[in-house]
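In full-length UniProt numbering, the protein residues as written are 1 to 244. Working notes, beginning with the structure itself.
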């Protein structure tokens, strides 16, 4: 495991990027195709992770270059800190060492928020990883209501790796968000939605439990803006635009 990943285990600093999003290029049918070929999770030991190090380092270098000049909401934290933390959450909190999931975690905002297209990702990292990133990207070319509908539909049919990255993404966004900020309610709703729809999904139990515990901790501190229900049914606000 490269040492630089451990530096992002600290509590995240709040923020969002300051940049102009670039429209992602997606491929129709990628979700169903990927789901069919990746139905079972793969967990590997720490020793086995060594053979994945080159891919992770390539992904980090690629993402750092693409996100150069972008920052989180505080205007000081480099945006690359977020995808790196998402990868750390995936590995250390969720216990998932699948190379496709980890690579997609590092790259998950490159299609949506940088001048990167599907073909470039596929050329650099292969179609499987490019498809995962595509599934996790909202297409800014599509009108807002339809964009959210398409995004949710794509995610609901996604393979477990995409769900794992989404869980880690929401976990990090919720961890770094100010409970008093206007966007917090949307992030909380996303978290409650994903906890609900991932119940019983193979390979996601630990990640789901970690996010549930974070929600419970926030509830105990009185920081949740809406009650923490028992069933975690999908909320209308759950997938509202607040990409992190």
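Glycine residues also receive a C-beta, built at the ideal position from the N, C-alpha and C atoms.
- Taking 8 Å as the cut-off, the Cβ atoms of residue 83 and residue 63 count as close.
- Taking one beta carbon from each stretch, the stretch 137 to 144 and the stretch 173 to 181 have fewer than 3 pairs nearer than 8 Å; the two do not touch.
- In this structure, the alpha-carbon of residue 56 lies about 6 Å from that of residue 103.
- Residue state for residue 78 is assigned as strand, using DSSP reduced to three classes.
- Residue state for residue 71 is assigned as strand, using DSSP reduced to three classes.
- In the DSSP annotation of this structure, the continuous segment of the alpha helix (DSSP H) that includes residue 162 starts and ends at 160 to 176.
- Residue 110 counts as buried, since no fewer than 16 other beta carbons sit within 10 angstroms of its beta carbon.
- Assigned with DSSP and collapsed to three states, residue 182 falls in coil, not helix or strand.
- Per DSSP, reduced to three states, the secondary structure at residue 145 is helical.
- Closest in C-alpha terms to residue 88, from the list 195, 119, 172, 183, comes 172.
- Here DSSP, grouped into helix, strand and coil, assigns residue 201 to coil.
- Inter-residue distance for residue 106 and residue 220 is about 31 Å (C-alpha atoms, whole angstroms).
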